[in-house]
Amino acid sequence: EAEVAQSPRYKITEKSQAVAFWCDPISGHATLYWYRQILGQGPELLVQFQDESVVDDSQLPKDRFSAERLKGVDSTLKIQPAELGDSAMYLCASSLTTGTPEAFFGQGTRLTVV
Amino acid sequence: GNSVTQMEGPVTLSEEAFLTINCTYTATGYPSLFWYVQYPGEGLQLLLKATKADDKGSNKGFEATYRKETTSFHLEKGSVQVSDSAVYFCALLHQGGSEKLVFGKGMKLTVNP
Numbered sequence: 001e002a003e004v005a006q007s008p009r010y011k012i013t014e015k016s017q018a019v020a021f022w023c024d025p026i027s028g029h030a031t032l033y034w035y036r037q038i039l040g041q042g043p044e045l046l047v048q049f050q051d052e053s054v055v056d057d058s059q060l061p062k063d064r065f066s067a068e069r070l071k072g073v074d075s076t077l078k079i080q081p082a083e084l085g086d087s088a089m090y091l092c093a094s095s096l097t098t099g100t101p102e103a104f105f106g107q108g109t110r111l112t113v114v
Numbered sequence: 115g116n117s118v119t120q121m122e123g124p125v126t127l128s129e130e131a132f133l134t135i136n137c138t139y140t141a142t143g144y145p146s147l148f149w150y151v152q153y154p155g156e157g158l159q160l161l162l163k164a165t166k167a168d169d170k171g172s173n174k175g176f177e178a179t180y181r182k183e184t185t186s187f188h189l190e191k192g193s194v195q196v197s198d199s200a201v202y203f204c205a206l207l208h209q210g211g212s213e214k215l216v217f218g219k220g221m222k223l224t225v226n227p
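Residue numbers (my numbering), protein chains in the order written: chain A, 1 to 114; chain B, 115 to 227.
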């Protein structure tokens, strides 16, 4: 069964260091999402791609976060410098196209900033 | 803006008990509605969905009916099992505007044998 792949599963980093997460969506899925899930909260969208273009990054803290999907397939989310408040689960999801009423989620990357 | 409100947990039930998790939404137009489940240490999985008013989504013994008149999408299961222990998220997708999933805060369910 096709699934969204994310790595690493867990990451511990020191404050002010750089950290990067990788996501490979389901083959053929044009839309890719990055969500942040703080413990005890629901996921919140950070950035949404349609193919290689960003369609929504209104909630992305652009002073420290960046995301790219250069060839419209896999994607990288970077944080530099990391802050204590960035500790969270980072979830990647994909769907066939924007507005398709079903998104498939990866297992997530659990980030701990110390 | 679009938003989802879920009943707050955590909730602990005994096996075979009846489960209801309330979910109401605020949105313009006609969003699609979803329930996602997150088992310990895993990502979110779609549990069920409904894309128009009066639709009933069902899966694994869970059901939810899209009620436009009460803007609700309550999740129910007649007899829970220990394996249903997880966090449940209600979500909406408003197509035609900002087409992204908006999640509720989630409700943690623990089922004891």
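Idealized CB from N, CA, C, for every residue including glycine.
Around the Cβ of residue i, are there at least 16 other Cβ atoms within 10 angstroms (buried) or fewer (exposed)?
i	result
residue 15 of chain A	exposed
residue 132 of chain A	The question about residue 132 of chain A has no answer, for chain A in this structure spans 1 to 114.
residue 69 of chain A	buried
residue 143 of chain B	exposed
residue 17 of chain A	exposed
residue 58 of chain A	exposed
residue 201 of chain B	buried
residue 8 of chain A	exposed
residue 191 of chain B	buried
residue 54 of chain A	exposed
residue 43 of chain A	buried
Sort the options by Cα distance to residue i and report the nearest one.
i	options	result
residue 197 of chain B	B:203, B:223, B:182, B:117	B:223
residue 60 of chain A	A:28, A:7, A:34, A:96	A:34
residue 128 of chain B	B:119, B:199, B:158, B:117	B:199
residue 186 of chain B	B:218, B:125, B:126	B:218
residue 56 of chain A	A:64, A:47, A:63, A:62	A:47
residue 160 of chain B	B:177, B:148, B:122	B:148
residue 162 of chain B	B:221, B:189, B:156	B:189
residue 117 of chain B	B:138, B:179, B:133	B:138
residue 178 of chain B	B:133, B:155, B:122	B:133
residue 184 of chain B	B:115, B:121, B:123, B:140	B:140
Compare the C-beta of residue i with all C-beta atoms of chain A and state if any pair is closer than 7 Å.
i	result
residue 215 of chain B	yes
residue 176 of chain B	no
residue 203 of chain B	yes
For a contact defined as C-beta to C-beta under 7 Å, what are the partners of residue i on chain A?
i	result
residue 83 of chain B	Residue 83 of chain B lies beyond the range of chain B shown here (115 to 227); nothing can be said about it.
residue 160 of chain B	102
Closest Cβ-Cβ distance between residue i and chain B: below 7 Å?
i	result
residue 28 of chain A	no
residue 67 of chain A	no
residue 50 of chain A	no
residue 45 of chain A	yes
Which chain A residues are close to residue i, counting only those with a beta carbon under 9 Å from its beta carbon?
i	result
residue 218 of chain B	42
At 8 Å on the CB atoms, spell out the chain B contacts of residue i, in chain order.
i	result
residue 39 of chain A	Residues of chain B passing the Cβ test: none, with the nearest at roughly 10 Å.
residue 77 of chain A	By Cβ distance, chain B contributes nothing, its closest Cβ being about 15 Å from residue 77 of chain A, past 8 Å.
Going by beta carbon distance, what residues of the same chain come within less than 8 Å of residue i, once the five residues before and after it are set aside?
i	result
residue 106 of chain A	3, 4, 5, 6, 23, 91, 92, 93
residue 131 of chain B	193, 194, 225
residue 26 of chain A	2, 3, 4, 94, 104
Output needed for residue i: all residues of its chain with C-beta closer than 7 Å, excluding positions within five of it in sequence on either side, in chain order.
i	result
residue 86 of chain A	79, 111, 113
residue 30 of chain A	50, 51, 96, 97
Quick one: which chain B residues come within Cβ less than 9 Å of residue i?
i	result
residue 111 of chain A	Per Cβ cutoff of 9 Å: no residues; residue 111 of chain A is ~14 Å from chain B at best.
residue 91 of chain A	157, 158
Within a Cβ cutoff of 6 Å, which residues of the same chain sit near residue i, ignoring the five residues on either side of it in sequence?
i	result
residue 215 of chain B	205, 207
residue 146 of chain B	165, 207
residue 10 of chain A	110
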